[in-house]
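FYI, the UniProt record's numbering numbers position 468 of the sequence shown as 468, with every residue one higher than the one before it. For reference, the structure discussed in these notes is given below.
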Amino acid sequence: MADGTQKGRCDTVSNLMKRGCQSDLVENPTVRVTIPSDQETNTQVTPAKVSVQLRPGSEANFILKVRPLEKYPVDLYYLVDVSASMHNNIEKLNSVGFALSKKMANISLDFRLGFGSYVDKTVSPYISIHPGRIHNQCSDYNLDCMPPHGYIHVLSLTDNIAEFRNAVNKQKISGNIDTPEGGFDAMLQAAVCQSHIGWRKEAKRLLLVMTDQTSHLALDSKLAGIVIPHDGNCHLKDNVYVKATSMEHPSLGQLSEKLIDNNINVIFAVQGSQFHWYKDLLPLLPGTVARQIESQAANLNDLVVEAYQKLISEVKIQVDNQIQDLNFNITAICPDGSKKTGMEGCKNVGYNEEVLFNVSVTMKGCDTTGGRKYAILKPIGFNETTIINVQKSCACQSGDSARQKRVWADETFPDGRQPDCSDNDCSSHGDTVHSERCRQHPNQPICSGQGNCIDGKCFCYKNKLGKVYGKYCEMDDFSCPYHQGNLCSGNGECEAGKCKCFAGWEGDRCQCSLQSAKQCLNSKGQICSGRGNCVCGKCECTDPRSFGRFCEYCPACNKACEENWNCVQCHHSNNASQAKLDQCKTSCAYLLHYIDQTSECFSGRSYFRVFSIIFIVTFLIGLLVVLIIRQIILQGNSNKVKSSADYRVSATKKIPLARKRLAAQALQRGKKPKLQPLKPEEDRDPDFSHFFDTSHGVSTISYDSYGRAVWKQFVPLGDDLPQGPCAQMSKVDMGFLWPPGSRVMGSVN
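Put into structure tokens, the structure is as follows:
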């Protein structure tokens with residue numbers, strides 16, 4: 001073709017033919033889904049393997065079937081909180097083994113039990129380090145306790161019920177100080193230490209966690225100075241967890257990942273009010289259930305059977321890894337005909353009932369990393385999976401010579417003849433020669449020990465674990481480490497058990513870009529300041545005393561002062577040249593905020609000024625408080641001595657009423673009086689009585705506090721007012737006393 005660019009080579013078939021392409025050279029990749037017919041068939045999840053060939057924008061579909069089997073083998077491992085508050089429940093375990101095995105016989109023909117115990121991290125503040133309590137943490141309960149521990153594996157899975165009861169009988173309780181326990185630490189070890197626990201590949205794996213308290217989460221252990229994150233690996237030595245005091249508690253995400261990877265279903269058997277705390281965690285831990293146990297674990301047997309039946313009746317599926325540019329859409333078709341999402345799954349699925357999952361794989365585009373892509377569909381809680389081998393058609397075959405060579409070497413002879421191969425033998429209708437040409441290196445076995453050499457070419461054996469390929473059968477897709485569900489992170493190929501990374505990637509799992517190492521260099525050009533390892537562009541400090549983005553801060557390190565002394569002189573030197581100061585800014589700038597905290601120091605004048613301000617403010621506040629208290633006391637005393645006259649109606653309200661009544665009386669006598677209010681001497685008791693001038697003298701009228709006339713009396717001018725109640729009362733509603741010695745002052749008209 002005249003236009004040899006990639007853009008010019010890609011078009012519809014009809015357009016390419018019009019432009020002069022020969023029909024036998026036109027490549028039109030099609031979407032293909034291949035399910036090998038000779039693969040080993042799973043018993044519960046089928047198919048076991050699927051090969052999918054996709055091109056950008058295409059979609060492939062296939063059906064995955066999951067069928068829970070009846071009488072499936074069951075491994076049940078008891079992980080028990082042996083803190084002092086659980087001693088009644090531990091005693092109940094003695095009778096659990098035999099009774100539970102009888103109940104489980106109805107649902108499983110092969111049932112095994114195991115046992116382990118946990119308390120908490122054996123450092124302060126989680127346990128008491130007082131010499132009198134360090135070996136007996138539960139002295140408050142008047143009990144003899146074993147020393148505290150993070151996790152102890154007591155009994156591997158066994159079908160010997162007597163052995164299980166023996167192990168439980170010997171178990172002593174222990175104790176700690178704080179309320180949460182180290183349950184998640186112990187759960188992770190029980191999940192990943194498969195050889196110690198004895199988990200069987202073909203069994204349903206149940207981890208029963210008995211407790212009455214919550215569990216510590218990641219970062220809690222920083223209270224004890226433990227800052228190294230959990231690595232997710234097994235750390236049992238002589239059946240004892242030996243990293244409890246040096247690694248943090250696992251996070252919920254990390255714990256969930258390890259439980260799913262190891263096909264562990266968890267049953268939380270919780271006593272007391274903390275049951276709801278564990279129940280709230282269930283959405284974050286797939287394949288788990290929570291049940292509440294009664295006092296002394298009376299319902300423990302029924303709880304286990306009921307929880308197992310619930311777990312086995314729920315069928316959910318998830319994609320173990322997300323592949324770039326590929327989307328997985330999974331729909332569950334339940335036995336009752338309803339449709340759910342893959343993660344929602346089906347519930348109440350009976351034994352031997354089949355759940356169908358419609359799996360749709362869509363390819364959006366092509367990435368640049370190359371290599372094969374593998375996805376794993378994993379039903380949660382099942383020990384079987386479906387491996388999807390995704391082959392992307394992103395370029396013409398003529399540009400993919402590596403793939404051409406691999407297919408030719410693995411599948412055909414140079415002359416096109418097909419070999420007749422079995423698992424351990426490969427023969428053809430030609431001669432077997434040139435065996436040395438089948439060695440990658442002179443000291444290595446023929447075809448890497450994984451194939452036969454025929455006509456100088458390697459033909460690889462079939463393997464139940466995966467595919468063996470390569471010119472010398474040196475590569476496979478199963479023996480190398482995975483990262484985020486991808487073999488060699490999808491950025492390399494597996495060769496002799498080690499990841500061989502594509503260009504631009506590094507790491508034992510090819511998980512790190514080469515460009516990321518530059519992000520770990522400090523200002524001196526050191527990787528992580530010499531105190532850590534660069535992992536995918538981030539420093540992981542190997543010295544627990546150091547911290548910071550580049551592990552550059554280490555106050556407790558022996559050489560911290562010596563290493564930074566030049567920078568101290570830089571920032572505090574008054575005679576340094578400008579060139580020296582510029583060099584300081586370049587080489588020591590990152591330490592300025594760390595070592596030059598002058599704002600925390602005070603001079604002598606600063607101390608005096610601060611003290612004076614505090615003294616004055618304190619004095620003024622105290623004086624204000626004293627004045628407020630004094631005013632409250634005076635107000636209280638004033639209320640106590642107030643006379644009863646203070647609560648009567650004021651004189652100004654009584655005067656108009658008195659005027660009206662006197663005027664009415666005068667009119668009855670046929671005389672119009674001239675009224676003039678007179679005040680008592682010195683205005684004494686103005687609310688008690690009022691005085692009015694008439695033509696013959698003074699009339700006194702008194703009113704009660706409601707404005708009602710109490711009595712009236714005529715008093716000649718100049719006479720003393722009577723003391724005590726007056727006898728000439730026209731109407732007495734209430735009794736009042738006259739002010740002694742009062743006199744009337746006025747004149748007669």
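From the three backbone atoms N, C-alpha and C, an ideal C-beta is built for every residue, glycine too.
Counterpart residues of residue i in DSSP-defined beta bridges
i: ILE333; result: LYS339 and LEU356
i: ASN348; result: Note: ASN348 sits in no beta bridge, so no partner.
i: PHE459; result: ASN452
i: HIS483; result: ASN486
i: ARG32; result: GLN53
i: residue 758; result: The shown model of the chain, from 1 to 749, leaves out residue 758, and the question about it has no answer.
i: THR542; result: The partner list for THR542 (beta bridge, DSSP) is empty, contrary to what the question assumes.
i: GLU506; result: CYS512
i: TYR607; result: BP columns for TYR607 are empty, so no partner.
i: VAL625; result: Partner(s): none; VAL625 has no beta bridge.
i: ILE527; result: LEU521
i: SER215; result: GLU181
i: PHE547; result: TYR553
i: LYS392; result: LEU54
Three-state class that DSSP yields for residue i in the structure shown
i: ASP423; result: Because ASP423 carries a pLDDT of 40, less than 50, the predicted location of this residue cannot be relied on, and the following value inherits that uncertainty. Three-state DSSP puts ASP423 in coil, outside helix and strand.
i: residue 790; result: Residue 790 is absent from the model: the chain starts at 1 and stops at 749.
i: SER14; result: helix
i: ASP410; result: Because the pLDDT at ASP410 is just 38, under 50, the model does not fix this residue reliably, and the value given afterwards should be weighed accordingly. ASP410 falls in the helix class under three-state DSSP.
i: PHE382; result: coil
i: ASN61; result: strand
i: CYS520; result: helix
i: ALA105; result: coil
i: ASP24; result: helix
i: GLU474; result: coil
i: SER513; result: strand
i: THR46; result: strand
i: THR122; result: coil
i: LEU377; result: strand
i: ASN443; result: coil
i: LYS580; result: helix
i: GLY466; result: strand
i: SER195; result: helix
i: ILE387; result: strand
i: THR362; result: strand
i: LEU69; result: coil
i: ARG19; result: coil
i: PHE328; result: strand
i: residue 763; result: Nothing about residue 763 can be read from this structure; the chain reaches only from 1 to 749.
i: LEU620; result: helix
i: ARG437; result: helix
i: SER37; result: coil
Opening and closing residue of the beta strand (DSSP E) in which residue i lies
i: ASP81; result: 74 to 81
i: LEU207; result: 204 to 211
i: PHE111; result: 111 to 118
i: GLN318; result: 317 to 319
i: THR288; result: 288 to 292
Residue range of the unbroken alpha helix (DSSP H) whose run includes residue i
i: PHE184; result: 183 to 192
i: ASN533; result: Taken as a continuous stretch (DSSP letters only), ASN533 belongs to no alpha helix (DSSP H), being part of the beta strand (DSSP E) at 532 to 535.
i: ILE90; result: 87 to 92
i: TYR308; result: 300 to 312
Residue-level contact to chain D via CB, residue i, 7 Å cutoff
i: LEU206; result: Annotation note: the requested chain D is absent from the structure, which comprises a single protein chain.
For the stretch 178 to 197 and the stretch 99 to 111, state whether three or more C-beta atom pairs, one from each stretch, are separated by less than 8 Å.
no
Between the stretch 216 to 224 and the stretch 85 to 97, are three or more C-beta pairs nearer than 8 Å?
no
What beta strand (DSSP E) runs, 3 residues minimum, are completely inside the stretch 219 to 280?
For the stretch 219 to 280, the full-length beta strand (DSSP E) segments reaching 3 residues or more read 264 to 270 along the chain.
With a threshold of 8 Å, are at least 3 pairs of Cβ atoms found where one atom belongs to the stretch 285 to 303 and the other to the stretch 49 to 61?
no
For the stretch 246 to 263 against the stretch 277 to 291, do three or more pairs of beta-carbon atoms, one drawn from each stretch, fall closer than 8 Å, so that the two count as touching?
yes
Going along the chain, which unbroken runs of the alpha helix (DSSP H) with 4 or more residues stay wholly within the stretch 134 to 179?
Taking 4 residues as the shortest admissible run, the stretch 134 to 179 contains the following complete alpha helix (DSSP H) segments, listed from N- to C-terminal end: 161 to 169.
Validate contact between the stretch 524 to 531 and the stretch 498 to 509 using beta carbons, cut 8 Å, 3 pairs:
They do not touch, by the three-pair rule.
Given 8 Å as the limit, is there contact between the stretch 327 to 334 and the stretch 304 to 314, that is, 3 or more CB pairs closer than that?
no
Would you be able to state if there are at least three C-beta pairs under 8 Å between the stretch 352 to 361 and the stretch 62 to 79?
yes
So, does the stretch 383 to 391 touch the stretch 71 to 89, judging by three or more C-beta pairs under 8 Å?
No contact exists between the stretch 383 to 391 and the stretch 71 to 89.
Three or more C-beta pairs under 8 Å: does that hold for the stretch 448 to 457 against the stretch 276 to 285?
no
Should the stretch 156 to 168 be called in touch with the stretch 262 to 274, which here means at least 3 C-beta pairs below 8 Å?
no
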